[in-house]
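Each protein sequence line maps, in turn, to chains A and B. Each residue of the first sequence is one higher than the last, beginning at 1 in this note's numbering. Each residue of the second sequence is one higher than the last, beginning at 1001 in this note's numbering. Single-structure report; data block below.
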Amino acid sequence: EVQLVESGGGLVQPGGSLRLSCAASGFTFSDSYMDWVRQAPGKGLEWVGRIRNKANSHTTEYAASVKDRFTISRDDSKNSLFLQMNSLKTEDTAVYFCTRLGYCSGGTCKGLDYWGQGTLVTVSS
Amino acid sequence: DIQLTQSPSFLSASIGDRVTISCRASQGISSQGFSSYLVWYQQKPGEAPKLLIYDASTLQSGVPSRFSGSGSGTEFTLTISSLQPEDFATYYCQQLNSYPVTFGGGTKVEIK
Chain A
1 EVQLVESGGG LVQPGGSLRL SCAASGFTFS DSYMDWVRQA PGKGLEWVGR IRNKANSHTT
61 EYAASVKDRF TISRDDSKNS LFLQMNSLKT EDTAVYFCTR LGYCSGGTCK GLDYWGQGTL
121 VTVSS
Chain B
1001 DIQLTQSPSF LSASIGDRVT ISCRASQGIS SQGFSSYLVW YQQKPGEAPK LLIYDASTLQ
1061 SGVPSRFSGS GSGTEFTLTI SSLQPEDFAT YYCQQLNSYP VTFGGGTKVE IK
């Protein structure tokens, strides 16, 4: 059974930092692209960023709203995904979901096929 | 960036109704002649989203056949052929064709 379990959320002051973790199991984590998606209270879904697999040099992509403030990394030896969030703003308040990008190649792309339960980050003074 | 506009943003319907949700892209979503990288998700309150349809029209394994997707280019549609009680939720489209990945604003389906 595939499981994605986020942790590390909490209350942080504006300008502060927080590191989220996601523990993955039930699939070959090292082969997978992983995304972070967030959802502000009562709002829609917002893509945060992506980290590719080792075969693609663990390269990353980010949404403009978080670029240069957030960093996605991974530890394949521990089946773990991370989101380092710096210079946090009140508008970063959201539930953060760890997700897996399904098979994408040769004209097909399955989308985000597995999601964690999310972890709440609240940025407030 | 590719903007995705869903309509309606809110929909009130009855059990058994046929429901159609539109997702319009600000520019074409395609992959050099292959399927469109357009995905639909369902989200219920307090839960993570669930993948329903990918490549605009391919049903994810385990998703009931009353759900279907269609469209290409800039116009996409999610259809529920006969609305069931468990289908009351919010639906999102997403494009994976180019960065940044984007979502539509969502369509909330409520009971009439």
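Glycine residues also receive a C-beta, built at the ideal position from the N, C-alpha and C atoms.
For residue j and residue i, the rounded distance between their alpha carbons
{"i": "G116(A)", "j": "V37(A)", "result": "10 angstroms"}
{"i": "V66(A)", "j": "L4(A)", "result": "22 angstroms"}
{"i": "T122(A)", "j": "G107(A)", "result": "39 angstroms"}
{"i": "V1063(B)", "j": "S125(A)", "result": "43 angstroms"}
{"i": "E61(A)", "j": "G1071(B)", "result": "27 angstroms"}
{"i": "I1122(B)", "j": "R52(A)", "result": "Not covered by the structure: residue 1122(B). The range shown for chain B is 1001 to 1112."}
{"i": "V1109(B)", "j": "D1087(B)", "result": "8 angstroms"}
{"i": "T119(A)", "j": "R1018(B)", "result": "35 angstroms"}
{"i": "Y1099(B)", "j": "K1112(B)", "result": "38 angstroms"}
{"i": "A24(A)", "j": "T1074(B)", "result": "35 angstroms"}
{"i": "S1036(B)", "j": "D75(A)", "result": "32 angstroms"}
{"i": "K78(A)", "j": "G1106(B)", "result": "35 angstroms"}
{"i": "F82(A)", "j": "S1082(B)", "result": "41 angstroms"}
{"i": "M34(A)", "j": "K1044(B)", "result": "23 angstroms"}
{"i": "N86(A)", "j": "V1101(B)", "result": "22 angstroms"}
{"i": "E1047(B)", "j": "Q1027(B)", "result": "31 angstroms"}
{"i": "Q1094(B)", "j": "Q13(A)", "result": "31 angstroms"}
{"i": "P41(A)", "j": "D92(A)", "result": "10 angstroms"}
{"i": "L1011(B)", "j": "S57(A)", "result": "44 angstroms"}
{"i": "G1025(B)", "j": "A55(A)", "result": "Inspection of the sequence shows that residue 1025(B) is occupied by Ala rather than by Gly. About 31 angstroms."}
{"i": "V95(A)", "j": "I1029(B)", "result": "28 angstroms"}
{"i": "S1065(B)", "j": "G44(A)", "result": "26 angstroms"}
Per-residue contacts from residue i into chain A (C-beta, under 8 angstroms)
{"i": "P1100(B)", "result": "W47, E61, Y62, A63, A64"}
{"i": "L1051(B)", "result": "G102, K110, G111, L112, D113"}
Delimiting residues of the beta strand (DSSP E) encompassing residue i
{"i": "L132(A)", "result": "Residue 132(A) falls outside the range modelled here, since chain A spans only 1 to 125, and no answer is possible."}
{"i": "V1101(B)", "result": "Per DSSP, V1101(B) belongs to no beta strand (DSSP E) and is neither H nor E."}
{"i": "G1071(B)", "result": "1067 to 1080"}
{"i": "K43(A)", "result": "First-last for K43(A): undefined, no H or E at that position."}
Under 7 angstroms by beta carbon: chain A residues contacting residue i
{"i": "I1039(B)", "result": "Going by the sequence as given, residue 1039(B) is Val instead of Ile. Ordered by position in chain A, the residues that pass the 7 angstroms Cβ test against V1039(B) are G111."}
{"i": "A1013(B)", "result": "What A1013(B) touches in chain A: nothing, since even the nearest Cβ is about 20 angstroms away."}
{"i": "A1048(B)", "result": "F97, W115, G116, Q117, G118"}
Cβ separation of residue i and residue j, assumed to be a contact under 8 angstroms, to the nearest whole Å
{"i": "G26(A)", "j": "E1(A)", "result": "5 angstroms"}
{"i": "Q1006(B)", "j": "G1104(B)", "result": "4 angstroms"}
{"i": "Y1054(B)", "j": "C109(A)", "result": "7 angstroms"}
{"i": "W131(A)", "j": "A63(A)", "result": "Chain A is shown only over 1 to 125; residue 131(A) falls outside these bounds and no answer can be derived."}
C-beta neighbour in chain C for residue i, strict 9 angstroms
{"i": "L81(A)", "result": "Of the protein chains in the structure, A and B, none is chain C."}
Contact set between residue i and chain B, taken where Cβ atoms lie within less than 7 angstroms
{"i": "G44(A)", "result": "Y1092, F1103, G1105, G1106"}
Listed by chain order, chain B residues near residue i by CB distance under 8 angstroms
{"i": "G161(A)", "result": "No answer is possible for residue 161(A): the residues shown for chain A start at 1 and end at 125."}
DSSP state of residue i mapped onto helix, strand, coil
{"i": "A61(A)", "result": "The amino acid at residue 61(A) is misidentified as Ala; the sequence shows Glu. If DSSP states are grouped into helix, strand and coil, E61(A) belongs with the strands."}
{"i": "F1010(B)", "result": "strand"}
{"i": "T1107(B)", "result": "strand"}
{"i": "D1055(B)", "result": "coil"}
{"i": "A1089(B)", "result": "coil"}
{"i": "F27(A)", "result": "coil"}
{"i": "A1048(B)", "result": "coil"}
{"i": "S105(A)", "result": "strand"}
{"i": "D75(A)", "result": "strand"}
{"i": "E6(A)", "result": "strand"}
{"i": "T119(A)", "result": "strand"}
{"i": "T90(A)", "result": "helix"}
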